[in-house]
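Below is one structure, written out as structure tokens; comments come after it.
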Amino acid sequence: MTITATRAHVALPARALLACGAVSGPLYFLTSLTQAAVRDGFDLTKHPASMLSNGDAGWIQVTNFLVTGVLMIAGAIGLSRTLEPGRGSTWGPRLLGVFGVSLLFAAVFKADPGNGFPAGSGPATISTAGILHMAAGSIGFLSLIVATFVFASRFSREGHRGWAVYSRATGVAFFAAFATMSSGNANAVVMLAFWAAVMLAWGWVTAVILRTTR
Numbered sequence: 027m028t029i030t031a032t033r034a035h036v037a038l039p040a041r042a043l044l045a046c047g048a049v050s051g052p053l054y055f056l057t058s059l060t061q062a063a064v065r066d067g068f069d070l071t072k073h074p075a076s077m078l079s080n081g082d083a084g085w086i087q088v089t090n091f092l093v094t095g096v097l098m099i100a101g102a103i104g105l106s107r108t109l110e111p112g113r114g115s116t117w118g119p120r121l122l123g124v125f126g127v128s129l130l131f132a133a134v135f136k137a138d139p140g141n142g143f144p145a146g147s148g149p150a151t152i153s154t155a156g157i158l159h160m161a162a163g164s165i166g167f168l169s170l171i172v173a174t175f176v177f178a179s180r181f182s183r184e185g186h187r188g189w190a191v192y193s194r195a196t197g198v199a200f201f202a203a204f205a206t207m208s209s210g211n212a213n214a215v216v217m218l219a220f221w222a223a224v225m226l227a228w229g230w231v232t233a234v235i236l237r238t239t240r
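With the first letter of the sequence shown counted as 1, position 64 gets the number 90 in the numbering used here; the numbers rise by one all the way through.
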């Protein structure tokens, strides 16, 4: 009886933390895409989600970064408590935790306005806050990319080839989109591909967390 009660006491907090991580991605994109559809001047083919932090309604995206960052960190903690011993149980969750922390930094240091958003703004300018925002985003995205390969290695060792392939494919696709975006050639195709890659990567996080929960 004592052992059963102890296991339940440990499992319930872990499942709650995992649930937080699982909803972080859907919440982020539901909030971002809703804003993208209604905010004047915002264009998915020109602007990344981080630019929604600007303007009179920018507080919505700032809050979105803060809330989803905390949820992602909680999910990473839940993964670290749930996974069996192995490389993926240490570095995998830690890297996802770094991604969560980068979202908090993205909330504090906003992306620079420009390229027509908010409506009426001119060409993009570079500020200290904007540089710090890009640095935090780069660290967070690279951590997420590395996490896909860490988990892929774990899945391979455990014999889950489908999950290993899924993880590596996600990492490769996200890295390609991020590298192209960072090169400065952000035309409409590149921007839409980047949006899709971020959704793919965060969808992978949700899938891994749900798999762990089951």
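Beta carbons: idealized from backbone N, C-alpha and C, even for Gly.
With a cutoff of 8 Å on beta-carbon distance, leucine 105 and leucine 44 are scored as near each other.
Counting of Cβ neighbours within 10 angstroms places leucine 56 among the exposed residues, the total staying below 16. For the pair serine 193 and phenylalanine 204, the CB atoms are not nearer than the 8 Å cut-off. For phenylalanine 91, same chain residues with a beta-carbon under 6 Å away, outside a window of 5 residues either side, are Leu129, Ala132 and Ala133 in chain order. Assignment of beta-bridge partners to glycine 140 by DSSP yields Phe143. In this structure, DSSP gives threonine 108 a helical state, which the three-state scheme calls helix. Of Val124, Thr196 and Ala195, the smallest CA-CA separation from alanine 161 is found for Val124. Under the 10 Å beta carbon count, leucine 170 is surrounded by 16 or more other beta carbons and is classified as buried. Between phenylalanine 220 and phenylalanine 143, the CB-CB gap reaches or exceeds 8 Å. Assignment of asparagine 90 by DSSP, reduced to helix, strand and coil, places it in the helix class.
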